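**Student:** Every position in the sequence shown, counted from 1, becomes a number in the working numbering once 173 is added.
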Amino acid sequence: MIRNTAKKIYIAFIFIFLYAPIATLIVLSFNASRTRAKWGGFTLKWYSELFQNEEIMQALFNTLFIALVASVVATVIGTIACISIMNLKKHSRSIVMGITNIPMLNADIVTGISLMLLFISLGLKFGLGTILLSHITFCIPYVILSVMPRMKQLNPHTYEAALDLGAGPVYGFFKVVLPDILPGVLSGFLMAFTMSLDDFIITHFTKGAGVDTLSTKIYTEVKKGIKPEMYALSTIIFVTVLVLLFLVNKAPSGKNKK
Numbered sequence: 174m175i176r177n178t179a180k181k182i183y184i185a186f187i188f189i190f191l192y193a194p195i196a197t198l199i200v201l202s203f204n205a206s207r208t209r210a211k212w213g214g215f216t217l218k219w220y221s222e223l224f225q226n227e228e229i230m231q232a233l234f235n236t237l238f239i240a241l242v243a244s245v246v247a248t249v250i251g252t253i254a255c256i257s258i259m260n261l262k263k264h265s266r267s268i269v270m271g272i273t274n275i276p277m278l279n280a281d282i283v284t285g286i287s288l289m290l291l292f293i294s295l296g297l298k299f300g301l302g303t304i305l306l307s308h309i310t311f312c313i314p315y316v317i318l319s320v321m322p323r324m325k326q327l328n329p330h331t332y333e334a335a336l337d338l339g340a341g342p343v344y345g346f347f348k349v350v351l352p353d354i355l356p357g358v359l360s361g362f363l364m365a366f367t368m369s370l371d372d373f374i375i376t377h378f379t380k381g382a383g384v385d386t387l388s389t390k391i392y393t394e395v396k397k398g399i400k401p402e403m404y405a406l407s408t409i410i411f412v413t414v415l416v417l418l419f420l421v422n423k424a425p426s427g428k429n430k431k
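1. When the Cα of residue 201 is compared with those of 248, 216, 187, 192, which residue comes out closest?
2. So which of 373, 418, 178, 312 has the shortest CA-CA distance to residue 460?
3. With a 10 Å radius around its C-beta and 16 neighbouring C-beta atoms as the bar for buried, classify residue 207 as buried or exposed.
4. Quick check: the Cα distance between residue 407 and residue 220, rounded to an integer number of angstroms?
5. Using a 10 Å radius around the Cβ and a threshold of 16 neighbouring Cβ atoms, would you call residue 352 buried or exposed?
6. Report the CB separation of residue 405 from residue 223 in whole angstroms; it is logged as a contact under 8 Å.
7. Looking only at DSSP bridge pairs, what is residue 362 linked to?
8. What is the DSSP secondary structure of residue 203, counted as helix, strand or coil?
9. Pick helix, strand or coil for residue 430, following the three-state DSSP scheme.
10. With a cut-off of 8 Å on the beta carbons, I'd call residue 249 and residue 261 a contact; round off their distance for me.
11. With C-beta atoms as the reference, is residue 280 less than 8 Å away from residue 385?
12. Just to confirm the assignment, what range does the alpha helix (DSSP H) spanning residue 390 have?
13. Mind pulling the alpha helix (DSSP H) runs of 4 or more residues that sit fully within the region 287-373?
14. Per DSSP, what kind of secondary structure is residue 224 in: helix, strand or coil?
15. Decide yes or no for the touch test of the region 182-197 against the region 376-394: beta carbon pairs closer than 8 Å, at least 3 of them.
16. Can you give me the Cβ contacts of residue 182 inside the same chain, cut-off strictly under 6 Å, excluding the 5 residues immediately before and after it?
17. Which runs of the alpha helix (DSSP H) at least 4 residues long sit entirely within the region 223-260? Give them in chain order.
18. Less than 8 Å between the C-beta atoms of residue 373 and residue 393, yes or no?
19. Can you grab the Cα-Cα spacing for the pair residue 301 / residue 276, in whole Å?
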């Protein structure tokens with residue numbers, strides 16, 4: 174009895190530690206007072222002002238645009254890389270996989286500074302393009318990490334059989350290989366999208382003047398004081414993710430459809 178009670182208290186503390194800050198953020202997004210020290214009454218003013226704030230909306234657009242494009246490109250490149258790696262010999266495959274894992278183990282600040290110096294040496298103008306190139310670069314290893322396990326489970330003889338039956342290489346890939354590795358591809362895409370959406374350090378070193386994502390915008394405003402509109406935006410993002418997770422978990426599986 175005491176052991177079960179201790180487990181429940183422990184779990185309760187974990188949930189409080191994880192979600193109390195988010196609950197505080199949501200409450201403050203409805204606070205009429207600009208100060209976080211006192212409650213000034215309930216209001217939706219910050220939500221209406223959020224959509225009228227061009228700087229925040231532009232930062233949000235940049236963030237979503239970069240995350241979407243970078244994750245799509247990284248998923249395509251990473252999937253092609255996995256196919257190529259699987260055709261290597263076992264020893265060569267281990268070496269290449271070790272090399273692809275280095276960027277994930279490397280500190281973000283090292284990656285950010287390295288990419289910044291590379292762009293300077295190439296004479297590239299810092300801006301949305303350099304951020305996009307940076308995000309594609311560091312997202313590719315995460316896609317490879319997600320797709321490779323599915324590639325290892327793939328039966329190579331199935332693809333060879335499709336070719337023997339008259340299917341072309343491209344048609345055979347989309348009809349035989351892709352359906353089997355699709356869960357890994359989608360997982361890699363979501364991982365890349367999340368990593369790009371959440372990145373600050375690499376973006377900070379590779380962005381140009383006047384170009385901001387949400388993370389760099391918030392960092393800039395911390396020095397002056399975060400606007401309540403940011404609380405409203407963070408609440409919208411959290412609720413959106415929560416709804417998506419709920420819909421995904423409640424979606425009927427293939428077995429239920431049958």
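Where a beta carbon is used, it is the ideal one built from N, C-alpha and C, also for glycine. Since this is a predicted model, take the numbers as computed values, not measurements.
**Tutor:** In short:
1. Counting from 1 along the sequence shown, the entry for residue 201 is found at position 28. For the residues 248, 216, 187, 192, the minimum Cα distance to residue 201 belongs to 216.
2. Coverage of the chain is limited to positions 174 through 431, which leaves residue 460 absent and any answer about it impossible.
3. Position 34 of the sequence shown holds residue 207. It is exposed - the Cβ of residue 207 has fewer than 16 other Cβ atoms within 10 Å.
4. Walking along the sequence shown from the start, residue 407 turns up at place 234. Walking along the sequence shown from the start, residue 220 turns up at place 47. Near 11 Å, if we compare the C-alpha coordinates of residue 220 and residue 407.
5. Numbered from 1 along the sequence shown, position 179 holds the residue referred to as residue 352. Counting Cβ neighbours within 10 Å, residue 352 comes out exposed, since fewer than 16 surround it.
6. Indexing the sequence shown from 1 puts residue 405 at position 232. Indexing the sequence shown from 1 puts residue 223 at position 50. Contact holds; Cβ gap of about 5 Å.
7. As a working note, residue 362 is residue 189 in the sequence shown. Residue 362 is not bridged to any residue.
8. Your numbering for residue 203 matches position 30 in the sequence shown. Coil, per DSSP.
9. Along the sequence shown, one-based indexing puts residue 430 at 257. Below a pLDDT of 50, predicted positions are generally treated as unreliable, and residue 430, at 47, falls in that range; the measurement from the model is reported next regardless. Residue 430 falls in the helix class under three-state DSSP.
10. As a position in the sequence shown, residue 249 is number 76, starting the count at 1. As a position in the sequence shown, residue 261 is number 88, starting the count at 1. That pair is no contact at about 20 Å.
11. Within the sequence shown, the letter at position 107 stands for residue 280. Within the sequence shown, the letter at position 212 stands for residue 385. For residue 280 and residue 385, no; Cβs fall outside 8 Å.
12. Sequence index remark: in the sequence shown, residue 390 carries index 217 (1-based). First-last of the alpha helix (DSSP H) with residue 390: 387-395.
13. 301-326, 329-337, 342-345, 351-371
14. Position 51 of the sequence shown, counted from the start, is the residue given in the question as residue 224. Reduced to three states, the DSSP call for residue 224 is coil.
15. no
16. Numbered from 1 along the sequence shown, position 9 holds the residue referred to as residue 182. If we look at residue 182 and ignore the five residues flanking it on each side, it has no Cβ neighbours.
17. 227-259
18. Here the question's residue 373 lines up with position 200 in the sequence shown. Here the question's residue 393 lines up with position 220 in the sequence shown. No. Outside cutoff.
19. Within the sequence shown, numbered from 1, the residue matching residue 301 stands at position 128. Within the sequence shown, numbered from 1, the residue matching residue 276 stands at position 103. If I take the Cα positions, the gap works out to 22 Å.
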